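Q: Mind having a look at this structure? Questions to follow.
There are 2 protein chains.
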Amino acid sequence: MSLIDRPRIAFIGLGVMGRSMALNLLRAGYPLDVHTRSRAKAEPVLAAGASWAERPADCLREAAICISIVGFPAEVRQVYLGSEGILASARPGSLLIDMSTSEPALAVEIAAAARARGLAALDAPVSGGDVGAREGTLSIMVGGEAADFARARPIFEVLGRTLVLQGPAGSGQHAKMCNQIAIAGTMIGVFEALTYAHAVGLDPETLLASIGAGAAGSWTLTNLYPRVLRGDFGPGFFAEHFLKDLRIARAEAQQRQLRLPGLALAESLYQTLIERGGAQLGTQAIYQVLSEPDA
Amino acid sequence: MSLIDRPRIAFIGLGVMGRSMALNLLRAGYPLDVHTRSRAKAEPVLAAGASWAERPADCLREAAICISIVGFPAEVRQVYLGSEGILASARPGSLLIDMSTSEPALAVEIAAAARARGLAALDAPVSGGDVGAREGTLSIMVGGEAADFARARPIFEVLGRTLVLQGPAGSGQHAKMCNQIAIAGTMIGVFEALTYAHAVGLDPETLLASIGAGAAGSWTLTNLYPRVLRGDFGPGFFAEHFLKDLRIARAEAQQRQLRLPGLALAESLYQTLIERGGAQLGTQAIYQVLSEPDA
């Protein structure tokens with residue numbers, strides 16, 4: 040596709056993930072109109088050629104594609120369904136892509152509201168963290184119509200490497216919940232193993248040499264366990280965002296009479312971490328809670 | 040090393056793991072005297088050239104190296120410390136290698152009793168399952184003296200690929216406990232994710248395409264999740280043996296005032312599985328317990 044074919048994109052949300060993704064789109068030749076809550080966070084993206092918009096709705100004066108990646112479902116609702124939101128201002132035929140991790144039911148609601156106004160919407164949360172966002176190697180889990188997924192694909196190809204349509208609206212969010220549920224259990228297993236290792240006097244590096252490549256192996260063991268050994272509890276992925284995801288997953292599970300005791304346990308452990316001031320730590324800081332002696 | 044240098048080995052325990060390991064030693068040129076509880080299980084190994092011994096002690100008439108891999112700590116105790124056991128019959132200077140997954144404290148007890156009789160002992164449990172045993176690619180986690188580890192190394196090289204001395208007697212068992220604790224949490228996460236996926240109507244194969252290669256990735260997700268999708272709940276690794284391991288780990292953790300709530304949860308889930316007749320199923324059958332609707 041020639042540069043002239045690259046449609047203008049409204050891009051909302053320039054946090055750790057959004058900023059890197061916006062820069063990748065600019066580098067790939069997409070003109071961007073950007074908005075984020077605090078303008079200071081937009082500076083690197085404006086310096087790279089994006090235009091500033093004062094309100095989310097203003098991003099869509101020229102653009103017919105909107106990408107958002109914000110923190111919490113309440114912000115997603117505000118951006119799309121608020122009185123000055125996207126749905127009130129987008130031109131017919133526009134494609135709205137929410138890449139936040141948010142509530143599946145909200146994704147369904149936005150898709151229905153969009154359809155009622157002649158717009159199309161995809162939910163497309165991502166996995167792969169800050170590194171994946173920077174390197175354009177994200178896994179993008181998409182819910183929506185196949186034709187809209189096809190329309191978004193050239194953009195997704197700039198942002199990620201694993202691009203999968205999971206099903207109708209909300210399915211991208213559901214897939215992301217599965218991703219977080221699997222991570223939650225793995226995180227508990229890996230950091231309980233480290234807790235045990237310390238308590239019995241094993242050398243954790245030597246232990247990793249034995250267990251890292253076998254049936255206990257995981258991304259968490261390979262990537263986060265060494266960070267904890269170095270005393271690095273920084274994000275990575277914020278504990279408070281992970282807790283938000285686990286809460287969404289558990290609400291969905293409860294609606295369906297699923298028990299999921301591991302998910303409930305992870306939620307309580309991250310809740311404890313955050314009550315102790317760990318909201319801005321990385322998810323691996325669950326080790327700090329697990330490694331405390333029994334009360 | 041020429042064939043003439045290969046010392047005679049007493050090999051006790053010819054279950055799924057032991058049989059493959061004994062066959063690999065025979066193929067590598069080690070003469071074996073074998074014993075196992077039911078002689079029928081020894082047939083493939085006898086056909087490959089091993090000699091039969093009626094009692095564990097009889098294996099050590101000529102051999103000065105003993106390898107055991109049996110099911111439960113009570114059997115380990117019987118084989119080594121029983122009135123007709125190995126310690127009562129081994130010649131001074133013999134090396135005793137227990138590759139069962141067993142209690143760290145028992146490994147320490149055997150090592151001390153062995154030392155008192157002029158013998159050497161290693162605890163050397165393995166990870167890698169039936170496939171690893173067959174292909175000689177096990178991870179072998181060793182506790183004991185460095186000189187004894189060096190003496191055992193040529194044998195370990197036949198049986199495994201990742202050979203690590205974890206520390207003094209009992210450390211191999213402790214490392215294996217860490218391995219099982221990490222697996223336990225990962226297993227819960229992976230099969231709760233699958234439970235959720237089914238409940239919300241995602242296609243589990245399509246889901247795996249999104250989450251398998253990212254931060255949710257694990258050996259369990261890659262290897263056991265597809266077995267469950269095929270309806271294959273066979274072992275692999277027996278649920279009853281895994282429960283035994285988790286109980287040992289939890290007892291050790293309790294002695295040290297560690298909480299390890301994920302380990303406790305896994306223990307209760309496998310307990311439930313086994314109460315329902317799942318003792319001889321593979322560990323992935325935890326999915327059957329997790330996927331039941333909430334009571």
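Residue numbers (my numbering), protein chains in the order written: chain A, 40 to 334; chain B, 40 to 334. No residue lacks a Cβ here, since even glycine has one placed at the ideal position from N, Cα and C. This one's a predicted model, so the numbers in the text were calculated from it and none came from an experiment.
With DSSP as the reference, please indicate the residues paired to residue 91 (chain B) in a beta bridge.
A: DSSP, once it has assigned bridges, lists B:73 as partnering residue 91 (chain B).
Q: Return the chain-ordered ranges of every alpha helix (DSSP H) run that is complete within the region 207 to 243 of chain B and spans a minimum of 4 residues.
A: Qualifying alpha helix (DSSP H) stretches, in chain order: 210 to 239.
Q: What does residue 213 (chain B) reach in chain A if we use C-beta pairs closer than 7 Å?
A: Under the 7 Å cutoff, chain A gives 239 and 241.
Q: Below 6 Å CB to CB, which residues in the same chain sit around residue 119 (chain B) once its five sequence neighbours on both sides are set aside?
A: Here the set comprises 125, 126 and 149.
Q: Count the other CB atoms, across all protein chains shown, that sit within 10 Å of the CB of residue 57 (chain B); report buried if there are 16 or more and exposed otherwise.
A: Under this definition residue 57 (chain B) is a buried residue.
Q: With burial defined as no fewer than 16 other Cβ atoms inside 10 Å of the residue's Cβ, what is the status of residue 53 (chain B): buried or exposed?
A: With 16 or more other Cβ atoms within 10 Å, it is buried.
Q: Which value, in whole angstroms, describes the spacing of the CA atoms of residue 49 (chain A) and residue 98 (chain A)?
A: If you take the alpha carbons of residue 49 (chain A) and residue 98 (chain A), they lie about 5 Å apart.
Q: Out of B:204, B:134 and B:89, point me to the one whose CA is closest to residue 164 (chain B)'s CA.
A: With distances taken between Cα atoms, residue 164 (chain B) lies closest to B:204.
Q: Please look up how many angstroms separate the CB atoms of residue 239 (chain B) and residue 323 (chain B), rounded, as I've assumed it's under 8 Å.
A: About 21 Å; that fails the 8 Å criterion.
Q: Residues of chain A with a CB under 8 Å from the CB of residue 248 (chain B): which are they?
A: Going along chain A in sequence order, the residues near residue 248 (chain B) (Cβ under 8 Å) are 201 and 203.
Q: Tell me, which residues are paired with residue 180 (chain B) by DSSP?
A: DSSP output for residue 180 (chain B) lists B:203 as bridge partner(s).
Q: Rounded to whole angstroms, what's the CA-CA distance from residue 210 (chain A) to residue 219 (chain A)? Just pull it up for me.
A: The alpha-carbon atoms of residue 210 (chain A) and residue 219 (chain A) are separated by roughly 14 Å.
Q: Which class does residue 107 (chain A) belong to by DSSP, given the choice of helix, strand or coil?
A: Residue state, collapsed to three classes: strand.
Q: Pick helix, strand or coil for residue 321 (chain B), following the three-state DSSP scheme.
A: In this structure, residue 321 (chain B) counts as strand in the three-state DSSP scheme.
Q: Please return the same chain residues whose Cβ sits closer than 7 Å to the Cβ of residue 291 (chain A), not counting the five positions on each side in sequence.
A: 143 and 216, listed in sequence order.
Q: Using 8 Å as the cut-off, can you tell me whether the region 275 to 289 of chain A makes contact with the region 297 to 316 of chain A, which would need three or more C-beta pairs spanning the two stretches below that distance?
A: The region 275 to 289 of chain A vs the region 297 to 316 of chain A: in contact.
Q: Can you confirm whether residue 166 (chain A), when its beta carbon is compared against all beta carbons of chain B, has any partner nearer than 8 Å?
A: Output row for residue 166 (chain A): interface = yes.
Q: For residue 86 (chain B), which of helix, strand or coil comes out of DSSP?
A: Residue state, collapsed to three classes: helix.
Q: Run down chain B in chain order and give the residues with a C-beta less than 9 Å from the C-beta of residue 235 (chain A).
A: Result: 213, 216, 217, 220, 288, 291, 292, 295, 297, 299 and 302.
Q: Does at least one heavy atom of the ligand HEM sit under 7 Å from the Cβ of residue 243 (chain A)?
A: No copy of the ligand HEM appears in this structure; indeed no ligand is present at all.
Q: For a contact meaning CB atoms closer than 9 Å, what does residue 338 (chain B) contact in chain A?
A: Coverage of chain B is limited to positions 40 through 334, which leaves residue 338 (chain B) absent and any answer about it impossible.
Q: So, are the CB atoms of residue 123 (chain B) and residue 96 (chain B) less than 8 Å apart?
A: Yes, these two residues count as a Cβ contact at 8 Å.
Q: Between the region 159 to 176 of chain B and the region 184 to 203 of chain B, are three or more C-beta pairs nearer than 8 Å?
A: Enough Cβ pairs lie closer than 8 Å, so yes.
Q: Which residue marks the beginning of the beta strand (DSSP E) containing residue 50 (chain A), and which one marks its end?
A: First-last of the beta strand (DSSP E) with residue 50 (chain A): 48 to 51.
Q: Run down chain B in chain order and give the residues with a C-beta less than 9 Å from the C-beta of residue 332 (chain A).
A: Near residue 332 (chain A) (Cβ distances below 9 Å), the residues of chain B are 295, 296, 297 and 298.
Q: Helix, strand or coil for residue 277 (chain A) per DSSP?
A: Here residue 277 (chain A) sits in strand by DSSP.
Q: Which residue spans inside the region 118 to 154 of chain A form an unbroken beta strand (DSSP E) run of at least 3?
A: Taking only runs of at least 3 residues, the beta strand (DSSP E) segments lying wholly in the region 118 to 154 of chain A are 134 to 137.
Q: Could you give the distance in angstroms between the alpha-carbon of residue 321 (chain A) and the alpha-carbon of residue 170 (chain A)?
A: Using only the alpha carbons, I get a separation of about 14 Å.
Q: In chain order, what residues of the same chain lie with their CB nearer than 6 Å to the CB of residue 308 (chain A), ignoring the 5 residues before and after it?
A: Counting only Cβ-Cβ distances below 6 Å, and skipping sequence neighbours, we find 325 and 328.
Q: Determine contact between the region 229 to 239 of chain B and the region 292 to 299 of chain A, defined as no fewer than three beta-carbon pairs at a distance below 8 Å.
A: The answer is yes - the region 292 to 299 of chain A touches the region 229 to 239 of chain B, with three or more Cβ pairs under 8 Å.
Q: Given a threshold of 16 other Cβ atoms within 10 Å of its Cβ, counted over all protein chains shown, does residue 212 (chain A) qualify as buried or as exposed?
A: Buried.
Q: Any C-beta of chain B within less than 7 Å: which residues of the region 159 to 193 of chain A qualify?
A: Listed by position along the chain: 166, 167, 168, 178 and 180.
Q: Taking the beta carbon of residue 112 (chain B) as the centre, do at least 16 other beta carbons fall within 10 Å, making it buried, or is it exposed?
A: Burial call: buried.
Q: What are the boundary residues of the beta strand (DSSP E) that includes residue 162 (chain B)?
A: It spans 159 to 162 - the beta strand (DSSP E) in which residue 162 (chain B) sits, taken as one unbroken run.
Q: Under three-state DSSP, which class holds residue 257 (chain B)?
A: If DSSP states are grouped into helix, strand and coil, residue 257 (chain B) belongs with the strands.
Q: Is it the case that the Cβ atoms of residue 168 (chain B) and residue 254 (chain A) are separated by a distance below 8 Å?
A: Against a cut-off of 8 Å, the Cβ pair of residue 254 (chain A) and residue 168 (chain B) comes out as a contact.
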